[in-house]
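Okay, structure first, notes after.
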Amino acid sequence: MKKRLFTILCALALSFSLSTECFASIPSSTENLNEIYLSKSYSVDEVNTEQNNDNLTEDVAHASYEETNETFPFNKLNKLSNDEIIELSSKVSWKDIPDLFKYNEDTYEFYSNESRVQAIIDGLYQKACSFTSTDDNGIDTLVEILRSGFYLGFYNDSLNYLKDRTFTDKCIPSLIAMENNPNFKLGEAGQDKVILAFGKLIGNASCNPEVVNKSVSILNQYYDEVKQYPTDKLKADAVLKIMSEVTYDINQYCYDNNIRDGKNTPWTGTIDNFINVVSKFASISEINDDNGWLINNGIYYTAKLAKYHSNPSTPHKVLDNCLRTLPSTSEQYITTLDLLKSDFDSKDSNGNNIDVDNIIEDKKNTFLPKTYTFDDGKMIIKAGDKVSESKIQRLYWASKEVKAQFHRIIGSDEPLETGAADDVLTMVIYNNPKEYKLNRTLYGYSIDNGGIYIENIGTFFTYERTPKDSIFSLEELFRHEFTHYLQGRYLVPGLFNQGDFYQGNNTRLTWFEEGSAEFFAGSTRTEVLPRKSMVSAIGKNEEERLSANSLFHSSYSDGWDFYNYGYTFTDYMYNSNRPLFKDLVDSMKSNDVQGYDSIIESSSKDTNLNKKYQKHMDKLVDNYNNYTIPLVSDDYMKKCGSKNLEIVKKDIENAIGLSNSEIVQESSDYFNTYTLKGTYKLDSNNGEFNNWSLMNEKVNNALENLNKLPWNGYKTVTGYFINPRINSSNEVEYDVVFHGLLYHNDNFSEEPVITLNVPEQGNAGEKIKFTSECSTDDSDLSYMWDFGDGNTSTEKTPFHIYKTSDNYTVKLKVTNSNGFESEKYSEISIHKVLTGNPVSEKEDNNRFENANKINLNDLVSGDLQADDSQDTFYFEVTKPDDITITLENNSQDKNSFNWLLFDAENTNDYFAFPETKMNQLSKTVSIDKPGKYYLVVYQNSKEKTDYKFVVEGSLVETPEVDPDEDTDDTPTETPSTDEDNNKDEASNKDNINVDEEEYNDDFECANNIFKNQIISGNLDSSDRCDTFSFNALSTGTINITIENSNSDSSTVNWLAYSSEDTDNYIGYASENDGNKFSGKFKVNKPGKYYIVAYEVNGADSKYKLKVDGDIEAASESKPEDKEEIKEEINDDSFDSATKIKANATITDTLNGEDNKDIYYFNVNKNSNLNIELNSLSNLGVAWQLFSEKDLDNYIAYGSKSGDSIIGNVNIESGKYYLLIYKYTQDDGSYTFTIK
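Using mature numbering (1 follows the signal peptide of the UniProt record, and there is no 0), the letters of the sequence shown correspond one by one to residues -24 to -1, 1 to 1211.
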């Protein structure tokens, strides 16, 4: 993506994860030295920021209007009265108005009616007076309608009355009315949306000191309560909008009135309280991931508002204090320096000079300490210390592959200008996305992208990334940006926004520049291959794709889709329409703007061209599984001995038959290379495009011939051909250029070459083994596996279990003892295996009235065909929860099959539909109320299709009692055992009270319950079920009673299961008496059984559980005695860890090669743990505690205290691993307890 004089790496912007710490980024002061003289467009949000916030809380996600599928473009709004529009705003979202902020005949008709706009402003005033905490009263939508008008008024003279401040000031009474409403405070979703709309309106309309001062309460509230909602983006956006848009409007007023010093404005000296509270955000000294953005913006707006303070030195001193209290390597510290330079002439509040430039240079060296030089200084890479040297070298070789294929296509390699900044290409690569954010202040360029190429200084900025940060690797994205460098240097004359191609229409080349950059990123030594990562984004059918016409007229404001389709159109031209490709390239090289426009105009109207383009995309989609992600070969990283330059020249000449060749040597940090240039003559002239194909083949054949020679340096050679011409002998000749490795220097270390052994497919929930082979036997190799789902392992041969179905990219990074790294990627497809209680559909079930009843977790099978295109099912839920519906079918046309979910209370409108995941249609749906729900499965085709589905949920239904069941033996409070059971002395013992032990929410972690025990337990909304197990000693009847201390049995219930089938219950409560639920069931054989106690409606409940029957009794040890566990399995890795419970005593031995044991346990709520380890012999032993979230770094360790190694740690709910290891040569035993 290009912006002003630089190219923004668009693909990176797609992959940059937007976290709470960065969603409120601020502009670079370097770019905004003349900020107050910017046009009004600076503040216009065509795309509303909150719609990109994927992590909003659920209250935010539910709008205060009724969802509707209907849209309301302005041609509809023009037919409504003013009152109808105002009323409609309470019922629809602004998202339902598709042409907001778009100038057309309908929007002109709407906004040219000044009385209509005034009526909307008046309507906003009325709504401002009456919104509530839960209902924004349509203010959100009405404000967007007004903002759209002000935006269009600024850019279109026909509506210029809307940019007159005397008109925008008419919104001020509405803003004050919002502030006077007692609900104007942060809280519920309705309130937060109003505050966000309030801030936005200020930016597009205007404000006065009263509006500003009344908003101080919001900023103070957020300052006081920010720790209560650190990840609430709606509240954060709302607060940020107040700070940013107030600042913007004041600066705009100064611009309009030519005020440069901030004096003599309505706000000067009158909004000190507002500036002071903004300064409070700047004064937060403890930075974390949740508040970093807030401190940043506090610093920025404190600096920008300082000149309007009655005593400007007051906010100035706040910035001085930031330098004293903030970490000197933090983004906030460097931001403060940058602002002191731009807004305070590099002086502190006492007038002392601050050498900002020197400090900034020092910070550059701190974050970018490594400098690598290639090709005699023509390429320089500055990098963070965590960017591996092998990665840097691979980027260099990737640039040669891209360059070779680029020059083959454009037919020349002469720079368009001499003495340009890009004579030396500089690349700046930060360690990670967090450090990349510093680029805004260190170099003065935007970081709201993920990567950026500054054409007029020949410099490219980006960062190293993990699969969590981006679906694209650093090399892929480097290849994309390097293509932008080639475009600017060899293809498009003039700098961006200055050359002829950017005059009159600065988006003329957008689709080509970005699309071809994605295309050339797939370059290899011999060709350009389809990129799997790009093909995955292509729509499956034509309706989901961009047409050629739409593509040619795309701009950055249209989103990111045109990158994918620009890529596919370039791939289409490369493979099937080379003449069009050449015509476009030639028009650019010759600076023929008119010729280019003519090509685009005719191509846009060519329906046949679009059909061929669509068919090409069909082919790409159909062959998706055959594609890879082209990256440089490991051959580049193999140690290569020196070879005589003249021998290399002779070998290349012989491989293709060159004449007049010259070879030059170039020096780089790790190796020396060569460039050979010669002339090749074709035997005959076969026409322009046939000649090109023949030359392409001959150069590739030459590369293949070189590969066969024994010297491995020839496997690094790239080649291209340029400048076709007819010589004086009427022969066709080309210049041919080859480049390759000559020898490695002494400082080069060969990286380990690895081969991944990853299965192509697997099933969710199953353990999968991952292995690799390495070219070196270095005993100090370290392994880092990234499984693509957020989990990692440092094992050489790990096992991993995927929880959900999807396509995953597995990455292995191997590092040798010299620090050289090698990375490999592989794809694995994880499928979800549907399981459950088998059930078959029963016809006729085509309508709601005759729907089949199913239960949660039933595995339902059915089929559809021509005369039976729909099946209907229903199920009931008893409490709010999330359910997951997953369906798979054998239809040949996957797009013709679907399902819809309906609430029985409204069968006219479905409220959920699936997403395609692998070969399944799946969706997790939040059920917010108990009731009956219908699932409709249907298809549009006539083929016979078999399907199966399951509705999964943790909801547990209370079974209906069969009225014919014999229930004469009504259980009592303490039910008697079956009459066939022998009564022994144990049955007459006094009852023993025992407390449940968490974690016991699943069968694997069930608490034991014994004869004559009464279990006391707790359930609440965060702990919905408890599981207990007992051993039945004989066949017979088991009686269960659960007593709820809330005197309401309806909130707690139970189900019984056999250990042989934990999917289907065998017993349930059939009687209730006040606060007791009781029942009985028969066991057909001795064995292990489970009781699951669960809460029904989310209430906090305390209960007592009693199990009576012929069950195992507790041992003679006292109840408070600790359970002792003997470890019996090999548990020396995280994957094979032994499961334990808290408060148990574990004993084991360490000897010989068994020098460590690993255990794991689950914690379901925040807890304080006390871990005590004791050696039972002379064994030197220690422990470390790890969280499942980060198995690379321990979170606690033990300290020696007498004969024990003890430690305390406060932990959150989750899974934890305890590593016990010995540090002496002795063998022996140990024991430990976790309390």
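Where is the CB? At the ideal position from N, CA and C, for every residue including glycine. Given the structure is predicted, the values throughout are model-derived calculations rather than measurements.
Residue span of the beta strand (DSSP E) that contains residue i, given as start and end
| i | result |
| --- | --- |
| Lys1052 | 1052 to 1059 |
| Trp875 | 873 to 879 |
| Tyr886 | No beta strand (DSSP E) holds Tyr886; DSSP gives it neither H nor E. |
| Ile1196 | 1190 to 1198 |
| Gly1204 | 1204 to 1210 |
| Val640 | 635 to 643 |
| Thr694 | 694 to 702 |
| Ala1158 | 1157 to 1163 |
Outcome for residue i when other beta-carbon atoms lying within 10 angstroms are tallied against a minimum of 16
| i | result |
| --- | --- |
| Ser446 | buried |
| Cys183 | buried |
| Phe1162 | buried |
| Ile702 | exposed |
| Asp996 | exposed |
| Leu1194 | buried |
| Ile1196 | buried |
| Ile623 | exposed |
| Asp820 | exposed |
| Cys105 | exposed |
| Lys1082 | buried |
| Lys239 | exposed |
| Arg465 | buried |
Beta-carbon proximity check, residue i vs residue j, cutoff 8 Å
| i | j | result |
| --- | --- | --- |
| Thr785 | Gly812 | no |
| Phe1006 | Phe986 | yes |
| Asn822 | Thr860 | no |
| Gly1204 | Thr1125 | yes |
| Ser816 | Ser872 | no |
| Asn1015 | Tyr1070 | no |
| Phe665 | Pro555 | yes |
| Ser1054 | Ala1045 | yes |
| Ser65 | Gly114 | yes |
| Leu835 | Val913 | no |
| Ser259 | Val294 | yes |
| Tyr1065 | Val1059 | yes |
| Ser798 | Glu727 | yes |
| Phe824 | Thr900 | no |
Residues bridged to residue i [DSSP beta-bridge criterion]
| i | result |
| --- | --- |
| Ala359 | Lys346, Ile405 |
| Leu1081 | Ile991, Ile1018 |
| Phe775 | Lys745 |
| Tyr1033 | Tyr1066 |
| Leu717 | Thr649 |
| Leu863 | Leu897, Phe925 |
| His807 | Asn739 |
| Lys1176 | Ile1181 |
| Pro814 | Leu835 |
| Lys323 | Asn329 |
N- and C-terminal bounds of the alpha helix (DSSP H) containing residue i
| i | result |
| --- | --- |
| Asn227 | 209 to 232 |
| Glu155 | 148 to 156 |
| Lys908 | Here Lys908 belongs to no alpha helix (DSSP H); instead the beta strand (DSSP E) covers 907 to 915. |
| Ile1134 | That residue, Ile1134, is in no alpha helix (DSSP H); its beta strand (DSSP E) goes 1132 to 1139. |
| Trp487 | 486 to 496 |
| Phe257 | 248 to 258 |
Residue i beta carbon near the ligand NAP (any heavy atom closer than 7 Å)
| i | result |
| --- | --- |
| Trp70 | No copy of the ligand NAP occurs in the structure displayed, which carries no ligand at all. |
Quick test of the definition: if touching needs 3 or more C-beta pairs under 8 Å, does the stretch 369 to 385 touch the stretch 454 to 463? yes
Taking contact to mean at least 3 C-beta pairs separated by less than 8 Å, is the stretch 1141 to 1150 in contact with the stretch 1173 to 1190? yes
Contact between the stretch 71 to 78 and the stretch 138 to 151: three or more CB pairs below 8 Å? no
For the 8 Å Cβ check, are there 3 or more pairs between the stretch 585 to 601 and the stretch 518 to 527? yes
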